[in-house]
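For reference, the structure discussed in these notes is given below.
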Amino acid sequence: MRKPGSRSLLIIGGAEDKVGRVTILRRFVRLAGGRKAKLVVIPTASSVPDEVVEVYSTVFSRLGCESIDEVNPRNRIASNDEELIRRVDESTGIFISGGNQLKLSQLIVGTPLGAALLRAYQRGAVIAGTSAGASIMSQFMISMGEEGVTPRQRSSQLTAGLGLLPGVIVDQHFDQRARYGRLLSLVAGSPSLLGMGIDEDTAAEITDETELTVVGSGAVFVVDARKAITDAHEARRDAPLLVTGAVVHTLPFGATFDLETATLVDFVEKYADVAVQSGRDQHDTATAAAALRHH
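For what it's worth, the numbering used here labels the leading residue of the sequence shown as 1, then goes sequentially.
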């Protein structure tokens, strides 16, 4: 149950179920006020924004929500638009789609629209993001990088994010795209930041920037390198990094974790609703759009 006055983020690893039990999206609507929710969909990161809005509007409508608006600045100047800002200011839930997170950083971060998102979060509107929309939540986001298991020097790049979740770097499609190495390389270079990798069809629900609860069929991976030893300060470009002493937490559905102390608070064994298969095939926007049209 959400506490009055609390702040909520729903950070989704991408490819969340849109046609089955829709566990994660159902949770978003509930946090935003259920049938009384006033939702905004931001499809800006996507190359097919109209289709993204259609898919999420259909899902949210089927979950009982009647008020769904679109906010999609076409360029950075458009993020000054008073009508777009008004829609965010009046919303109880904001959903940021997947796509290219660098586009989100370039068009929204540091603009009046970006400030409106921060205001909305501070007053209690739920901010959810999937894939690119998940990465943009943090103060410093991964904008590009090599995939793979081995951490390598300078294999990734950080760019300014919205700053809703300080002290954490978020990565998405984590297991499915083998992003362990790039996340570990980034926290090795910035050990004051926790690394958080989120699987597809999985969400980290975060309350007041501290309490993390896992929802969905995969896991949330947290790496704490604050006491680790690394050669990140002297390794040559593309060299495999030494990282020893980092603490790794793998948190499935039912786990509650304290981000301030980086410790497990509670775990209740649960069974996932949907098996993670090839998430990009099962839950991508185009597939979901086709499936929803035939329902």
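All C-beta atoms, glycine included, are put in the ideal place defined by N, C-alpha and C.
The Cβ atoms of Ile229 and Thr244 lie closer than 8 Å to each other.
In the three-state DSSP reduction, Gly197 falls in the strand class (E or B).
Only residues of its own chain outside the window of five on either side were considered, and among them Gly254 have a CB closer than 7 Å to the CB of Glu269, listed in chain order. Per DSSP, the beta-bridge partners of Lys38 are Ser67.
In the structure shown, Arg74 adopts coil according to DSSP, grouped into three states.
One Cα belongs to Thr207, the other to Ser6, and the distance between them is close to 7 Å. In this chain, the alpha helix (DSSP H) harbouring Gly181 covers Tyr180 to Gly189. For Val168, the uninterrupted beta strand (DSSP E) segment begins and ends at Val168 to Gln172. Note on geometry: alpha-carbon atoms of Glu83 and Pro49 lie some 18 Å from one another.
Here DSSP, grouped into helix, strand and coil, assigns Pro240 to strand.
Taking C-beta separations shorter than 6 Å and ignoring five residues to either side along the sequence, the partners of Tyr180 in its chain run Val149, following chain order.
Minimum Cα-Cα distance from Ile108 among the listed residues Leu118, Arg76, Leu242 and Leu292 corresponds to Arg76. Approximately 6 Å separates the beta-carbon atoms of Leu184 and Val223; this is inside 8 Å, confirming the contact. Using a Cβ distance threshold of 8 Å, Ala232 and Ala188 count as a contacting pair.
The three-state secondary structure of Thr23, taken from DSSP, is helix. Take Leu39, set aside five residues on each side of it, and the residues of its chain with a beta-carbon closer than 8 Å to its own are Val29, Ala32, Phe60, Cys65, Ser67, Ile68, Asp69, Ser91, Thr92, Gly93, Ile94 and Phe95, in chain order. Less than 8 Å divides the Cβ of Ser46 from the Cβ of Gly98.
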